[in-house]
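From first to last, the protein sequence lines stand for chains L and A. Its first residue numbered 1, the first sequence is counted upward by one per residue in the working numbering. Its first residue numbered 1, the second sequence is counted upward by one per residue in the working numbering.
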Amino acid sequence: MREYDYHLVEEVRAGRLTRRQLIIRATVAGLSASSIGTLLAACGGSSTTKSTSTAASGPIKRGGTFRLGCAVPTGDVDPVFLFDQGSIFTAQLAGESLCKRMADTSLQPRLATSWRQVGSAKEWEFKIRQGVTWHDGKPLTVDDVVATMKMLTDPKVGSSALSAFNGVLSPDGVSKVDAQTVRFSLDRAYVDFPYTVSDDNYNSIILPVGYKKGDFAKGGIGTGPFILKQLTPKQGATFVANPKYWGKDAKGGALPYLAGVQVKYFNDPQSNVLALQSGGIDIDPQMAYASARGLYNDPNVRVLELPSSEHRTVPMRTDQAPFDDKRVRQALAYSIDRDALVKGLFGGKAKVGNDHTFAQVYPFAPSASEVPQRKQDYAKAKQLLAAAGHPNGITVPTLVVEEFLDVPEYAQLIQDQAKGAGINIKLHQESQSIFYNKVWLQTPFAIVDWGGRGSVSPLIEPAYTAKGIWNSSHWKDPQFDKLVAQFDAEPDEGRRKQIVAQIAKLQNDNTPTLISFFITGLRGVRKNVQGIENGPVDHIDASKVWLSGPAA
Amino acid sequence: MGRFIAKRLGLSLITLLLVSIIVFAISDVLPGDVGRSILGRSATDAQVAQLDHQLGYDKPLPARYWKLVSGYATGDWGTSPVLNTEVRPLVLRRFGNSLILAAFAFALIVPFSIFMGIVAALHHSRWPDRLISIGGLSLIALPEFVTGVILLVVFAVQLGWFPSSSQVPTASPVDWFRQLLLPSIPLMCVLFGYIARMARAGTVDSLRADYTRTATLKGLPRRTVVRKHVLRNSLLPTISVVSVQIGYLVGGLVVVETLFAYPGIGSLAYDSVQANDITMIEAIVLFTAVLYMLSNLVADILYAALNPRVRLAS
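Quick look at the structure:
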């Protein structure tokens, strides 16, 4: 056992870490399944790992085409540049990353078999899986991995992953150690780095040496369970099973089970849902509550739910009046009825938030005793406003929101609820393309949507630190930045948990943004679909999917 | 007749040029940015600016317009920076798909509407007339997305008779109906109202005309009067209306194709506007304009063929 392994066992024995949390953290550190088993045995007690995939009924049936419906990709599907739902679901059928983020935020090996810190969290080595072939039959090599990572981190290429690698990894930090090992020398210590090269960072799909923009969409590129045969822009994509896929099921049988996958793009989420109900598609992998609502009564469809860290922030410019006064921001936070929001916006399919980024899905999320849950309290809100010099209420800058799912409705509820505390809010709505082209970083008061992430740093660093490129609230606190850097560099799980509590308290107390809820991911599947995992909902793994009964 | 067509073609070219300028100018002031559409929100402003520069989107408007239009002159429709693909094959294929859908809807609804219009006229002011006229007007008032969703829920989801998302049909006529009937009904609802009304009005006029009375008085059976004297005259205005409806169809197709996920020109237009893809928008609009003009021209020629006064006046 390594030192870190002992440390994990100690944390569990001392009651500072649950067994589930141990598993998650051990996978991030790169421990193999067998070593994790040893650790669990060392902790004592039963060692059961809960499977999150849908229970398979009867013997597995091979063959068949799995039909997936999702949003139309905004542009060309290219792993280096993609950023939207339709492209991600398309690319992930054929492409694979070094590791895969699972529903419980743990990491599983994919193209890397293991990984470890070398000395500190600033140096990482990943062992690359041997015997993997590209869809064209050539073997996967360390050179492919090195080339991909250099390309993704090169500012001249301008990949969509630049922001994820910003301040973490530069092209010079990627090197080949030997024929099986790649080394990442990071710009700073980062304990959760493996997430950045997992599919949690959806641009991290490994591509062959010499990859050129646009190659992927032509088909036949990747190592994954399915080979892209044809991609018709804006319409759909056809995949066939990769007969030489390296992955095996629990019994050593070949994967994937399916003969192929058909992806169909929908402009309109409503049409996507109707296609699922009528059997035109088998899965709508990621849906909003408004679309999924009708599916709960459909006997042919199952809705899989997975709590996530997806959320909305309500940034307030902390460098401009009136939100430069912390008490005004807090007054707004105290005027919000979070339970009502969860019920009204998501029919209960969300978890109440506490104005900090640590969703309950994270193994180190602070407890209510560490950061008390904020509740609607008009008296307190009025008192805060009065103390800030607004005894007769206040009219705040216009709340600018994007046209996106629940966001406009959320804005209206904030407007209604804030009235009770004497806060007057005017609303203004913009299309997404305008909102995310500069507006969101400049306007004094906005609502920003954030997708879920397996690790919390990609949600905190860009949005709350002084150097953060998406710091909409313009909040700058040296103490906070220091804590975040410590959190990223701290290997000790107990101390990490303490730092998290401090970070969460700072966020909650300063309230640069409201975080009222974390949205539960919803995935709609036809009843005959077996072996699909319930999440993360923004990712797809169809390698173990099979279809029972007739594909109606 | 030759001069008539030549003159119309010349005018069409000028119109096309104007359309291309207007569309380009409007697309340019559309909020949003091509670089931002391609890179997404996670890209920094510097990255977006760099890409805009690479694509030449920071050049002045006239320069970009000239590049595009001079391309058209040589048959090059340009490359979509967003999709990273050539525009022409995509637009032509999508257009072909839409044509199949539109032709299907037209083939079903035009004869039916004309027939119903004539029936209404022959029963002027009696209950068949009332039924057809009021029914037609009500159908016009129903937006495509309302009829479309109702049809989808009833026939695709509840009854399961039709697919909820339509593909381009195979050669089999059964498949035509399976794939195209549902999406064409919302289009037909709107078209029915217009065409039936025009056919009815034209027929009512012709029935009252002197030549009809003469024909009746000289002892021709009613069937012959209607077929030989009434219809030929009453169909003239209807033909103009049908050709004008082709313009409506493109708008209606945007809604219907989006709803039924049908890979036509309408849904492509919708996507391209969303993504600020000017090259694609320009190609779609120009191609539609060409088609619209051609259909008007054909209607005019038909009209002239049926009506000597127009033919000779030109």
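Even glycine gets a Cβ: it sits at the ideal position worked out from N, Cα and C.
Residue i, DSSP secondary structure in three states
| i | result |
| --- | --- |
| tryptophan 66 of chain A | helix |
| alanine 261 of chain A | coil |
| glutamine 556 of chain L | Chain L is shown only over 1 to 552; residue 556 of chain L falls outside these bounds and no answer can be derived. |
| histidine 311 of chain L | strand |
| histidine 124 of chain A | coil |
| threonine 520 of chain L | strand |
| glutamine 286 of chain L | strand |
| alanine 49 of chain A | helix |
| threonine 212 of chain A | helix |
| valine 400 of chain L | strand |
| alanine 6 of chain A | helix |
| proline 372 of chain L | coil |
| leucine 31 of chain L | coil |
| arginine 62 of chain L | coil |
| threonine 49 of chain L | Caution applies to threonine 49 of chain L, whose pLDDT of 46 falls short of 50 and renders its modelled position unreliable; the value that the coordinates give is listed next. Threonine 49 of chain L falls in the coil class under three-state DSSP. |
Chain C contact for residue i (CB, 8 Å cutoff)
| i | result |
| --- | --- |
| tyrosine 292 of chain A | The structure shown contains no chain C; its protein chains are L and A. |
Residue closest to residue i, alpha-carbon to alpha-carbon, out of the options
| i | options | result |
| --- | --- | --- |
| valine 263 of chain L | L:Lys248, L:Asp249, L:Ile227 | L:Ile227 |
| histidine 229 of chain A | A:Gln245, A:Thr203, A:Asp28, A:Leu151 | A:Thr203 |
| proline 81 of chain A | A:Phe115, A:His53, A:Thr74 | A:His53 |
| proline 366 of chain L | L:Arg16, L:His311, L:Glu10 | L:Arg16 |
| tryptophan 546 of chain L | L:Leu255, L:Gly30, L:Phe193 | L:Leu255 |
| leucine 345 of chain L | L:Thr357, L:His311, L:Gly454, L:Pro109 | L:His311 |
| valine 29 of chain A | A:Gly264, A:Leu286, A:Val273 | A:Val273 |
| valine 240 of chain L | L:Phe193, L:Lys213, L:Val261, L:Gly224 | L:Val261 |
| asparagine 203 of chain L | L:Glu96, L:His356, L:Arg302 | L:Glu96 |
| glycine 119 of chain L | L:Val396, L:Phe358, L:Gly294, L:Arg2 | L:Arg2 |
| serine 138 of chain A | A:Asp210, A:Ile281, A:Tyr194 | A:Tyr194 |
| leucine 235 of chain A | A:Leu207, A:Val255, A:Leu220, A:Pro221 | A:Leu207 |
| histidine 135 of chain L | L:Ala94, L:Gln108, L:Val168 | L:Ala94 |
| leucine 151 of chain A | L:Thr141, L:Gly224, L:Ala275 | L:Ala275 |
| serine 516 of chain L | L:Gln373, L:Leu427, L:Ala386, L:Leu384 | L:Gln373 |
Cβ-based neighbour list, residue i, same chain, cut-off 6 Å, excluding 5 preceding and 5 following
| i | result |
| --- | --- |
| tryptophan 176 of chain A | Pro169 |
| arginine 329 of chain L | Met316, Phe323, Thr511 |
| valine 285 of chain A | Val23 |
| alanine 102 of chain A | Leu249 |
| glycine 63 of chain L | Ala259 |
| glutamate 11 of chain L | Leu17, Glu493, Gly494 |
| lysine 50 of chain L | Caution is warranted here: a pLDDT of 46 is assigned to lysine 50 of chain L, below 50, making its placement in the model unreliable, and no coordinate value can be reported. |
Residue i versus residue j: straight-line alpha-carbon distance, rounded
| i | j | result |
| --- | --- | --- |
| alanine 33 of chain L | threonine 113 of chain L | 11 Å |
| glutamate 305 of chain L | aspartate 339 of chain L | 19 Å |
| threonine 48 of chain L | phenylalanine 364 of chain L | In this prediction, threonine 48 of chain L has a pLDDT of 47, which is less than 50 and means its spatial position is unreliable; nothing more can be read from the coordinates. |
| asparagine 297 of chain L | glutamine 277 of chain L | 11 Å |
| glycine 353 of chain L | glycine 393 of chain L | 26 Å |
| glutamine 270 of chain L | leucine 259 of chain A | 8 Å |
| leucine 258 of chain L | alanine 542 of chain L | 8 Å |
| valine 226 of chain A | serine 113 of chain A | 17 Å |
| aspartate 249 of chain L | glycine 531 of chain L | 11 Å |
| asparagine 242 of chain L | proline 143 of chain A | 46 Å |
| glutamine 479 of chain L | lysine 438 of chain L | 28 Å |
Cβ of residue i within 8 Å of any chain A Cβ
| i | result |
| --- | --- |
| leucine 162 of chain L | yes |
| proline 233 of chain L | yes |
| phenylalanine 66 of chain L | no |
| tyrosine 334 of chain L | no |
| lysine 229 of chain L | no |
| valine 209 of chain L | no |
| serine 543 of chain L | no |
| asparagine 437 of chain L | yes |
| phenylalanine 83 of chain L | yes |
Spatial neighbours of residue i in its chain, beta-carbon cut-off 7 Å, leaving aside the 5 residues before and after
| i | result |
| --- | --- |
| proline 315 of chain L | Ala446, Val448, Ser472, Ser473, Pro512, Thr513 |
| aspartate 319 of chain L | His474 |
| proline 110 of chain L | In the sequence as displayed, the identity of residue 110 of chain L is arginine instead of proline. The answer, listed in chain order, is Glu96, Ser97, Leu98, Cys99, Lys100. |
| isoleucine 14 of chain A | none |
CB contact check: residue i to chain L, cutoff 8 Å
| i | result |
| --- | --- |
| tyrosine 57 of chain A | no |
| threonine 74 of chain A | no |
| threonine 85 of chain A | yes |
| alanine 156 of chain A | yes |
| proline 31 of chain A | yes |
Contacts around residue i, its chain only, beta-carbon distance under 8 Å, and the 5 residues preceding and following it disregarded
| i | result |
| --- | --- |
| tyrosine 211 of chain L | Val80, Ala147, Thr148, Met151, Ile221 |
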